[in-house]
Each structure stands twice: as structure tokens, then as C-alpha cells.
Amino acid sequence: MRLVIGSIAILSLIVLFLFALFPSAISVTRMVQINSTEDKILNSISDLRTWKSWNEFVNFQVAKNNLQMKPDSAGFGYLRVGGNEISLSGVDRDHVYTLWKRGNKMFTGQFMIDTKNGPPIVIWTMNFNVKWYPWEKLASMFYDKQLGPLMEKSLVQLRNELER
Numbered sequence: 003m004r005l006v007i008g009s010i011a012i013l014s015l016i017v018l019f020l021f022a023l024f025p026s027a028i029s030v031t032r033m034v035q036i037n038s039t040e041d042k043i044l045n046s047i048s049d050l051r052t053w054k055s056w057n058e059f060v061n062f063q064v065a066k067n068n069l070q071m072k073p074d075s076a077g078f079g080y081l082r083v084g085g086n087e088i089s090l091s092g093v094d095r096d097h098v099y100t101l102w103k104r105g106n107k108m109f110t111g112q113f114m115i116d117t118k119n120g121p122p123i124v125i126w127t128m129n130f131n132v133k134w135y136p137w138e139k140l141a142s143m144f145y146d147k148q149l150g151p152l153m154e155k156s157l158v159q160l161r162n163e164l165e166r
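Here the sequence shown is numbered in our numbering, starting from 3 and rising by one per residue.
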């Protein structure tokens, strides 16, 4: 019996050590080139009321949200949809910073508009900090595969909308 308990304890410590090697800060980044003006792009991204027309995260939450906890709402700097709350935390000449909240989990998003080498390139980064729990670190390995395609589709829809 002591051998079984000792083996489980040692195995648990090994698993904790291995998952401690995984980073706690995770970023998922996607980018797209948009043939439009920087001001038009910045206005579209910084006005959260327009996000329902191009952002797949908002559209996904609207489709999924059958039992609403709070009614959906949108303002220039605040959007609540499907239990998610998104707010602007800052806007400057070529950056838009957002704060995303779902329940007690929070993460940040950043849009950067790079116009140095020709047409503007919109770079969208979502930043997550995960706790030391092995299941959270394991789940963070899949963030890029889960969120990346939705981010890409959103940016393509934003490009299509702005290039019309």
C-alpha cells in the first residue's frame, strides 16, 4: 500500500514539474493586410458597436447564447455578448487595447496597425496568463489552434468590409 501511495506522490510531483516548464503567459497572434486608410481601420476596430459585423468571437457568442445571463449590449467602448464583456482599455494613433472578461477569467487583446511598409497591416494579439495548475497549462497548449482560425476569419471579414 505504501508503494502505491509513494508511486502516486512521485508521479504527481513529476507531472507538476513537467507542467511548470510550460509558460504562464500565452499569446495568440494573427495579421492581415487591409487596403484602406489607417483612420478607417482604427475607427472600425475601436468602435465596439461595429464588431458584430466582422468579429467571429462576437458572432459565435450571439449564436451560442440561448440562455442569456445579462442582456447583450453594445456601446462605443463596451460590449457585452453571450456572457463575455469586452471593453476598450486604450486607443492611440495605431493601437487599440481591449480587456476581455468571462466570469472570473480575464485576458487582454491588442490591435496594432502597421503602416511602415505600404498598405496597413492589422496585427491582432490576444494575451493570456494561466495559473500553475496542470490542466490550465495543458489547455493553454491548444489556444492557438482554437482561437487562431476565429481570429483569422474575423480579420478577413474586417478586410472585406473595409475594402468595399
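Even for Gly, the Cβ is constructed at its ideal location relative to N, Cα and C.
Fill in: Residues sharing a beta bridge with ILE125, DSSP
Taking the sequence shown and counting its residues from 1, one reaches residue 125 at position 123. For ILE125, which the question treats as bridged, DSSP gives the partners MET33 and MET114.
Item to complete: Return helix, strand or coil for ILE12, following the three-state DSSP convention.
Response: As a first step, residue 12 must be located in the sequence shown, where it is residue number 10. Three-state result, ILE12: helix.
Practice prompt. Work out the CA separation of TRP134 and ARG51 for me, nearest whole Å.
Written response: Position 49 of the sequence shown, counted from the start, is the residue given in the question as residue 51. Position 132 of the sequence shown, counted from the start, is the residue given in the question as residue 134. Whole-angstrom Cα-Cα distance: 36 angstroms.
Fill in: Whole-angstrom C-beta distance between LEU90 and SER46, which should lie under 8 angstroms
Translated into positions along the sequence shown, residue 46 becomes position 44. Translated into positions along the sequence shown, residue 90 becomes position 88. Not a contact, Cβ separation roughly 13 angstroms.
Worksheet item: Per DSSP, PHE109 forms a beta bridge with which residues?
Response: In the sequence shown, residue 109 corresponds to position 107, counting from 1. Partner(s): TRP102.
Worksheet item: So, are the CB atoms of GLU40 and THR117 less than 8 angstroms apart?
Response: Here residue 40 corresponds to residue number 38 of the sequence shown, with the count starting at 1. Here residue 117 corresponds to residue number 115 of the sequence shown, with the count starting at 1. Closer than 8 angstroms, so yes.
Practice prompt. Taking 8 angstroms as the cut-off, decide whether the C-beta atoms of GLU58 and LYS155 are in contact.
Written response: The count along the sequence shown starts at 1 and reaches residue 58 at position 56. The count along the sequence shown starts at 1 and reaches residue 155 at position 153. A contact, by the Cβ cut-off of 8 angstroms.
Worksheet item: Going by beta carbon distance, what residues of the same chain come within less than 6 angstroms of THR127, once the five residues before and after it are set aside?
Response: Sequence index remark: in the sequence shown, residue 127 carries index 125 (1-based). Result list for THR127: SER29, THR31 and GLN112, in chain order.
Discussion item. What would DSSP say about VAL60, mapped onto helix, strand or coil?
Written reply: The residue given as residue 60 occupies position 58 in the sequence shown. Helix.
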